[in-house]
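Below is one structure, written out as structure tokens; comments come after it.
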Amino acid sequence: MGVEWCILSSSKKKTIFLDRDGVINQQAAIHEYIKSWEEFHFLDGVPQAIAALKTDGYRICIITNQRGIARRKMTLEDVKHLHHCMCDALKKQGAEIDEIYICPHNDGECSCRKPEIGMFLQAERDCPVDKNRSWMIGDSGSDIEAGKNYGVKTIYIGDSLEFGADMVASSLFEAVKKIKLLNQK
Numbered sequence: 006m007g008v009e010w011c012i013l014s015s016s017k018k019k020t021i022f023l024d025r026d027g028v029i030n031q032q033a034a035i036h037e038y039i040k041s042w043e044e045f046h047f048l049d050g051v052p053q054a055i056a057a058l059k060t061d062g063y064r065i066c067i068i069t070n071q072r073g074i075a076r077r078k079m080t081l082e083d084v085k086h087l088h089h090c091m092c093d094a095l096k097k098q099g100a101e102i103d104e105i106y107i108c109p110h111n112d113g114e115c116s117c118r119k120p121e122i123g124m125f126l127q128a129e130r131d132c133p134v135d136k137n138r139s140w141m142i143g144d145s146g147s148d149i150e151a152g153k154n155y156g157v158k159t160i161y162i163g164d165s166l167e168f169g170a171d172m173v174a175s176s177l178f179e180a181v182k183k184i185k186l187l188n189q190k
């Protein structure tokens with residue numbers, strides 16, 4: 006992971022912003038958290054989907070609320086270790102994450118917790134974003150609201166149109182297929 010390649014160019018990058026839990030990996034049980042690598046399980050097709058996006062020239066950023074840190078269910082170091090393991094596993098399968106942004110706060114304590122856009126703004130400070138060619142992909146209303154608040158197109162992972170996403174897909178793999186189809190037009 007790294008911002009280094011962005012420093013070499015000030016041109017805006019098309020970016021895929023991904024929520025983590027429920028998009029990349031299986032969700033934890035209600036009121037539980039994914040606290041360790043042992044509890045983390047990729048959803049089907051995720052490495053292939055991320056690899057396809059990278060092949061198409063997208064910058065990949067994970068934007069994740071992790072309030073389990075504020076609730077003392079896990080530490081920031083636990084989450085960073087999990088992310089290190091996740092990135093290593095993805096890289097072995099030809100997929101690479103460029104950056105990961107974490108909000109460790111409870112609701113109402115910050116400007117970074119989705120649906121706020123603080124993590125998006127940090128990503129843009131790290132590397133300029135081409136909002137017209139960028140997407141937020143998430144499985145919650147706050148993911149979709151955050152993407153819309155930031156000004157990028159949105160894809161909801163699920164089967165509901167209630168959150169007003171630009172598109173709906175059953176998985177990250179299907180979402181990537183839809184993005185690729187749109188890019189061919």
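To convert, note that position 112 of the sequence shown is 117 in the numbering used here; the numbers rise steadily by one, no gaps. Where is the CB? At the ideal position from N, CA and C, for every residue including glycine.
Our two residues, D26 and C108, have alpha carbons roughly 13 Å apart in a direct line. The alpha carbon of E104 has as its nearest neighbour, out of D24, Q189 and K190, the alpha carbon of D24. When the alpha-carbon of I67 is set against those of R130, K96 and M141, the nearest one is in M141.
For W140, DSSP records a beta bridge to I21 and K158. K78 and F22 have their C-alpha atoms roughly 25 Å apart. When C-alpha distances from Q31 are compared across M91, K19 and L81, the shortest belongs to M91. Buried is the label assigned to S139, since at least 16 other Cβ atoms lie within 10 Å of its Cβ. Distance from the CA of E82 to the CA of S41, rounded to the nearest whole angstrom, comes to 10 Å. DSSP places V84 inside the alpha helix (DSSP H), whose first and last residues are L81 to K97. Spanning the alpha carbons of R64 and K17 requires a straight line of approximately 10 Å. Counting along the chain, no beta strand (DSSP E) covers N188; the unbroken alpha helix (DSSP H) around it starts and ends at L177 to Q189. According to DSSP, Y38 shares a beta bridge with no other residue. When C-beta atoms of the stretch 44 to 64 are compared with those of the stretch 175 to 187, three or more pairs fall below 8 Å, so the two segments count as touching. Rounded to the nearest whole angstrom, the CA to CA distance from C132 to F125 is 10 Å.
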